[in-house]
Amino acid sequence: MLENRLAKALFMLSVLSFSLLIPQFTGSVVAEGDDEEEDPLAEAGLTLVALRNDTLDTNQDGDIDAVRIVVVMSTEEFVNLELRLFGEHKDRQVVESQIMSFSGQSNASLTYDSWAYGEHELELAIIDESGEEITSIELPTYILTPALKTPRIMLALNAPERIETGDQCTINRIFDDETGPRYGAEGIRTFSGAPFTVLDSQEVLDCSRWPAGDYTLRETYRNDLSQTTEDWLNLTIYNRPAPAFSLTTKGNGNSTDTECSITMTPDSNLIDFTPFVKIWRIQGIAVENSNSSVYDCSALSAGVHLISLEVINNELIHTIHAVNIIRIPGLNLTEEEAEKLPSRSFGDDTPTESVGWISIGILCFVIALLSFIFLVRVKDEDEVLQMRDLGPKPMILPDGSPDSEGLPTTVDDEGVLWRQHPDGSHDWWDKDLRIWNRW
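The numbering used here applies: residue 32 is where the sequence shown begins, and numbers increase by one.
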């Protein structure tokens, strides 16, 4: 008897200590009482000591957004149980579960978070270790406001107002969904409109390498709770114009013993030409290791040289400008250089050689003689100019009528005159040439 009283005292003390630990929220407590009907829990060797429902305001905004269910059970033997809390809203059901493995007395709590505004019907089911339902308990219906973040998608563009190919351009994909993952109802994100494949793991898209064009970007999301969201973004990427620059020369037209240079000058100070590829060419032949904005043309020989510069930007768009550089031979030349290089004019001081009047007279005589030989031709008197053959003589009689040479003739419906030979062949009369033509 003393042992029984001591066990009851310890039991009451544990219940009292547990009730003190439970927060005092608005709720209801269901205790086991005498019931004449069959109790499924009793048949399973279980006793429902207490069942408490507490409403919660998890985000402290003044609205109820969650319900916590506290269950106290006891048993004489060790058992494995599963508690399933069903919440139904607009024909959609979510489940929260909790495993209880105990002997004697134990407690468990399950929290139902609202995922949509409105009425939520709750039900608690107790499942044995074989997966069979022992019993289910209907709980009150609550009007709840969601505290979890509903799905949200936003496409944030970070780029200049006018985007050109190669500009810094990023798109931040902002995505939130606490409701779907909370109940294992994650959905699928769908992205369309990009020139390349976009993965869900790509939170930032780099559009600085996209080709020029008009883009309509769209991202949609739908979880298994039928919650949907989407966002649109329209952007246009323009082709970057070709590099614009000019060539400035120094020493053009001077002698080879003076300095000479060609400098590339960008048309805009806002464009950095430093990373661009620069190719200098002389007469179309590329100069090695000449990736510079300045070309030293001091080493060019005397003469006229075509110097061109091709600039290629990061988008492989290129521009070519060219200039003719004239270099005059210097004053102090060796005999070998003087023979190879063009002669230099010194104006009135340029030495000249006189050809002489005798030479001019001889040249005029030779020209006159050649002209006489080609223009005057001597023909023999016996030569007679031959007329070219004009074809057969007209076959007509003195009165101008066709000469049928005694052959029978006839005129067809089109007015064409025909004559017949003894062998049966025919000729027709050509009025214009006045001859017979074989048919």
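All C-beta atoms, glycine included, are put in the ideal place defined by N, C-alpha and C. Every value quoted in this text rests on a predicted model; they were computed, and no experiment measured them.
Per DSSP, which one or two residues make a beta bridge with Lys-121?
For Lys-121, which the question treats as bridged, DSSP gives no partner whatsoever.
Based on the DSSP secondary-structure assignment, which residues constitute the bridge partners of Gln-451?
His-457
Reduced DSSP secondary structure (H/G/I, E/B, other) of Glu-74
Of the three classes helix, strand and coil, the one that applies to Glu-74 here is helix, per DSSP.
Three Cβ pairs or more, each shorter than 8 Å: is that satisfied between the region 276 to 291 and the region 199 to 217?
no
For Thr-305, which three-state DSSP category applies?
coil
Give the secondary structure of Ala-399 by DSSP, where H, G and I count as helix, E and B as strand, and everything else as coil.
Ala-399 falls in the helix class under three-state DSSP.
Reduced DSSP category for Gly-392 - H, G, I as helix; E, B as strand; rest coil:
Three-state DSSP puts Gly-392 in a helix.
Residue range of the beta strand (DSSP E) that includes Pro-171:
164 to 175
Leu-25 - partner residues in DSSP beta bridges:
There is no way to answer for residue 25, as the model of the chain reaches only from 32 to 470.
Quick one: give me the first and last residue of the beta strand (DSSP E) that Gly-244 is part of.
244 to 253
When the Cα of Ser-167 is compared with those of Asp-288, Asp-443, Phe-117, which residue comes out closest?
It is Phe-117.
Under the DSSP definition of a beta bridge, which residues are partnered with Asp-207?
Arg-183
Please report the Cβ distance between Trp-467 and Trp-460, rounded to the nearest whole angstrom; I am assuming they are in contact, meaning their Cβ atoms lie under 8 Å.
6 Å
Looking at the structure shown, is Phe-227 part of a helix, part of a strand, or coil, going by DSSP?
coil
Consider the C-beta atom of Tyr-326 and the heavy atoms of the ligand FAD; say whether any pair is separated by less than 7 Å.
Summarising the ligand content, the structure contains no ligands, and the ligand FAD is consequently not present.
Which residue spans inside the region 322 to 358 form an unbroken beta strand (DSSP E) run of at least 3?
325 to 327, 334 to 343, 349 to 358
Three-state class that DSSP yields for Leu-112 in the structure shown
Three-state result, Leu-112: strand.
Could you tell me the distance, in whole angstroms, from the CA atom of Val-335 to the CA atom of Cys-328?
The alpha-carbon of Val-335 is positioned some 12 Å away from that of Cys-328.
For Gly-455, which residues of its own chain have a beta-carbon under 8 Å away from its beta-carbon, when the five flanking residues on both sides are left out?
None.
For Val-235, which residues does DSSP report across the bridge?
Asn-203
As assigned by DSSP and simplified to three states, the class of Leu-153
strand
With DSSP collapsed to three states, give me the class of Pro-212.
helix
Here's the rule I'm using: 16 or more other beta-carbon atoms within 10 Å means buried, otherwise exposed. How should His-471 be labelled?
Nothing about residue 471 can be read from this structure; the chain reaches only from 32 to 470.
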